[in-house]
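> Attaching a single structure in structure tokens format; questions to follow.
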Amino acid sequence: INGVDMTEARHDQAVALLTGTSPTITLLVERDQASAGGSSPRTRPHSPPPPEPSDSPEQEEGDEHLGNHLNCPMEDEYPIE
């Protein structure tokens, strides 16, 4: 994260580094390659689809700010360079 090796970092240390810096963050993501020994490649499980919006009148109008956080445009907050 921004040139700091976080390989052995705890979650709280990574969060502190991500939230305590400028709005633009540079990430270098690395992972080990699978060993080439006859094993089949692992498949990544798919995420479940997002829930459909509900039109139920049970939700009060004052609760709009508690909605799905994915409705916020992330590109505006954290530009990718």
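Under my numbering, the first residue of the sequence shown carries the number 2, and numbering increases by one thereafter. Every residue, glycine too, gets a C-beta built ideally from N, C-alpha and C.
#1: Just how far apart, CA to CA, sit His12 and Gly4?
#2: Measuring CA to CA, which of Pro46, Pro49 and Ile2 is closest to Ala17?
#3: What would DSSP say about Ala10, mapped onto helix, strand or coil?
#4: Could you tell me the distance, in whole angstroms, from the CA atom of Ile26 to the CA atom of Thr8?
So, to answer that:
#1: Near 17 Å, if we compare the C-alpha coordinates of Gly4 and His12.
#2: The option with the nearest alpha carbon to Ala17 is Ile2.
#3: In this structure, Ala10 counts as coil in the three-state DSSP scheme.
#4: If you take the alpha carbons of Ile26 and Thr8, they lie about 17 Å apart.
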